[in-house]
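Here's the structure we're looking at; comments come further down.
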């Protein structure tokens, strides 16, 4: 007999699953080329799910269901809420692009992306290693299909192939690591594993061995160097709408499983995984920032910039436990959560602009394609400039506070080595500023190739303006979102 | 809303409105809105001067509200005798810059005017902020409009210059950010700048902080040898950009030394004063010599800016009343004079489209009114008594002689170079027979340019003849600052 609470813990997932099936059926009778009916239904469903998760998150309650398989806590619910909103925004930006490229001949894009979201939800709420893994696989399998959505496009097919092979390898790593852990501890439940490891009865070497594989698998998924090889190719090769689909919302889910696996499950091993994450962060900052400078392709540049940004996010996780003391943990983990949320917000805006500029048969992928955008449309140039300055970490934009929070977490640890890491990160973000500035330069200083103004459907225009404005407004009053992340992390750590 | 908030947000509000509503078809209206905005912004700052209470070192017009509760960051504003003048200088120069761009800028007028108004608000924010993060936010935010100003309306090599400006100054300020967070943790969770002044700090921490701040402020001032971005940027920037850069943005760095480095790390400041003095003297003497050989008027004035700012940092780090007050007076004076010099070059450039000294000669014959203004500003630039330039340099030299005769002597000899390059340039550009056909066809300044130069001329003369209001207002603040610097934080 499954108790009532179990259903409460997963009802957003149930809504999502049921509606995804219904929408797939409804789509069979849809004939419009732009899939208006499917699109509207999808957005409505997502809006409902966002509201449901938002309400649950606001309640601040932590509920375990199905015998501790799933957990519904504020951190998870906020991340679900943000992921849902991010997917809605992605679909709004992506629909005209997808329609122009005949990617909407069937409604797969909508239904598959809903299944991807379901995968993210399962990852986020999983409190059991197996369930987390299942969610991850649901997400990645949907992502492979999405990348390959343009069947007749050789570049996209190649990207899908690379994504699949490397993704499968990463999953293998993760699964192997998890099974090592299971072998050592005899449990798949994160809280159980935590207790068993904390008791100190398990051979440390076996645990670290499993941990190495888990961290490597996670690094693959977030695209941290040196496990980043798929990121530039897939970002560039996938149709831009799909790039945004796999580059925005899933980052939130990836963050969630890092917290679930490493913090909730393996905190007693923090000393070990912090070292690994620190090395990953250093490598990502170096590789991402240096390689991004050389790129002329905008999507590829943003891919490398993602690697660098993930490196910065990982730094936040590095500073959580100092000398076995967890006083810094809530600052560190909430800094990372704030970082990832604002990163997704900014990514949506920058890819939104690329999607907008990509007209039929013209991909608008080169940085030079943005030339003179300010003269063609000051509004969109402004949004893109805000996104770029925010990614570069310049105040008064939200990206600055994200970097500030992470640096603060590092310096608050009081360890000389972490202060050194902070200085290193700062110097790397200076290099990062260079390529972000180049995008602004092209838009504002160069002459436009065509004089035609940029037109966008009203929904895209509205959402994009709000998106840009939000980056600015959250930069002026970042306090609310910071507190939200902090409270969510505190509630999660309390369990 | 307090006066300081108004001083910050009125220009920004006007600037944003211009960005949102202006198009080049409405350029005329845009200009008027910008002028009204600049004048209103200036008028808002006037009560800061008239209502200012001399004789107290406490912060005045203080506003405080919680801003980011999680990090205990406050929206905390206030000015003392030092920052009050810098706020007024900023709002004043903005009016002049808007007038200077009137017919000169014809493309994307709304963005140009908007950028300057927003920049003005940001800079006032830097001078008024009493919270570390608030300071940093404004300090960094100034980069964005300036980057766009240089890159959009600049000269042929503008992109190189815009990047150089941005990256150089960003590197410095990022290290300052690390220092700010370090202080936050040291102080047990406070970003209050004034409380940091009293924070006990060890020797290593002070050295680290001193150099982190040095990275930010020395680049901004700019001190030798990190000054190389300045000439490049000045040459490429549009006239208004150069004027604001020299008149105000350089002061952000000098101000930082006063507000952060010296009072927060007094022992390190004393320990490294020799370095600061040496670098300042090199700036004054060596860069003065470099200015002498420049062929390009803007470059010449840019190098002369570096030399003049050398006097400012020299004055600060000899740690006596005369030196520090002299440095601050010199900051304000240089604001007026360098602004005027760059705007004057702009007047010539608009007519002939050249900044090479060799392309001119005998301008006084065709532009007598303009030449008279130029003479006044040239004299102020070499520190003639009775002009603004004299007061500060003289005070710094007196202070330096008091501290160490040789330092004073070194600084004093630099005055000779200053006179040499400025007067030589004046002779080659303005005096003698008409140089070429371009000069022959020049028309004298119109009413707008006359107004713009008169405003600056009045300021230069007022400050030169009657500097008392300036020194009176800052006296107590300087004494207080020196008291902080003189109190060691290390156990003896």
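Chains as they are written, first to last, in our numbering: chain F, 43 to 537; chain X, 667 to 1158.
Here a beta-carbon is modelled for each residue, glycine too, at the ideal position from N, C-alpha and C.
This structure is a prediction, so every number in the text was calculated from the model and none was measured.
- Across the stretch 406–440 of chain F, CB contacts with chain X closer than 7 Å involve 431, 436, 437, 438, in sequence order along the chain.
- Interface flag for residue 675 (chain X) against chain F is unset, since no Cβ pair is found closer than 9 Å.
- At least one beta carbon of chain F lies nearer than 9 Å to the beta carbon of residue 851 (chain X).
- In this structure, the straight-line span from the alpha carbon of residue 233 (chain F) to that of residue 505 (chain F) is close to 40 Å.
- Taking a 10 Å sphere around the C-beta of residue 281 (chain F), we find 16 or more other C-beta atoms and assign the residue as buried.
- Under the three-state reduction of DSSP, residue 768 (chain X) is assigned to coil, being neither helix nor strand.
- Secondary structure of residue 306 (chain F) (DSSP, three-state): helix.
- Rounded to whole angstroms, the separation of the alpha carbons of residue 968 (chain X) and residue 1053 (chain X) is 20 Å.
- CA-CA distance, residue 1040 (chain X) to residue 974 (chain X), rounds to 18 Å.
- Taking a cut-off of 8 Å for Cβ pairs, the stretch 342–355 of chain F and the stretch 259–275 of chain F touch, as three or more such pairs fall below it.
- Judged by pairs of C-beta atoms under 8 Å, the stretch 402–412 of chain F touches the stretch 478–490 of chain F, as three or more such pairs exist.
- The stretch 321–367 of chain F is shown to contain whole alpha helix (DSSP H) runs of 4 or more residues at 340–360, in chain order.
- DSSP places residue 206 (chain F) inside the alpha helix (DSSP H), whose first and last residues are 196–227.
- Neighbours of residue 449 (chain F) in chain X, taken as residues at a C-beta separation under 9 Å, are given in chain order as 843, 844, 847.
- Of X:1021, X:795, X:900, X:950, the smallest CA-CA separation from residue 831 (chain X) is found for X:900.
- Its chain contains 1100, 1105, 1106, 1107, 1108, 1109, 1110 as the residues whose beta carbon lies nearer than 8 Å to that of residue 1032 (chain X), once the 5 sequence neighbours on both sides are disregarded; these appear in chain order.
- One alpha carbon belongs to residue 421 (chain F), the other to residue 507 (chain F), and they sit about 8 Å apart.
- Contact check for residue 734 (chain X) against residue 186 (chain F) fails: the beta carbons are separated by 9 Å or more.
- When the beta-carbon positions are compared, residue 921 (chain X) and residue 792 (chain X) come within less than 9 Å of each other.
- The beta-carbon of residue 733 (chain X) is placed less than 9 Å from the nearest beta-carbon of chain F.
- Comparing C-alpha distances from residue 65 (chain F) to each of F:201, F:157, F:118, F:111 shows the shortest one belongs to F:157.
- Among the residues facing chain F, residue 681 (chain X) is not included, as its CB has no counterpart in that chain under 9 Å away.
- One Cα belongs to residue 1027 (chain X), the other to residue 685 (chain X), and the distance between them is close to 41 Å.
- Among the residues facing chain X, residue 456 (chain F) is included, as its CB has a counterpart in that chain under 9 Å away.
- Listed as beta-bridge partners of residue 730 (chain X) by DSSP are X:742.
- Residue 1132 (chain X): not part of any beta strand (DSSP E); DSSP gives it neither H nor E.
- For the options X:1150, X:932, X:989, X:1145, the alpha carbon positioned closest to that of residue 1057 (chain X) is the one of X:989.
- The C-beta distance from residue 184 (chain F) to residue 106 (chain F) rounds to 27 Å, too long to fall under 8 Å, and the pair is not in contact.
- Secondary structure of residue 457 (chain F) (DSSP, three-state): coil.
- For residue 465 (chain F), the C-beta contacts it makes with chain X under 8 Å involve 841, 844, in order along the chain.
- Looking at the backbone, the Cα of residue 962 (chain X) and that of residue 1038 (chain X) are separated by about 21 Å.
- Looking at the backbone, the Cα of residue 387 (chain F) and that of residue 514 (chain F) are separated by about 11 Å.
- For residue 774 (chain X), the nearest beta carbon of chain F is closer than 9 Å to its own beta carbon.
- Taking the Cα of residue 859 (chain X) as reference, the smallest distance to any Cα among X:870, X:1060, X:741 is reached at X:741.
- Taken through DSSP and simplified to helix, strand or coil, residue 498 (chain F) comes out as coil.
- For the stretch 1084–1097 of chain X, there are no residues whose beta carbon sits under 9 Å from a beta carbon of chain F.
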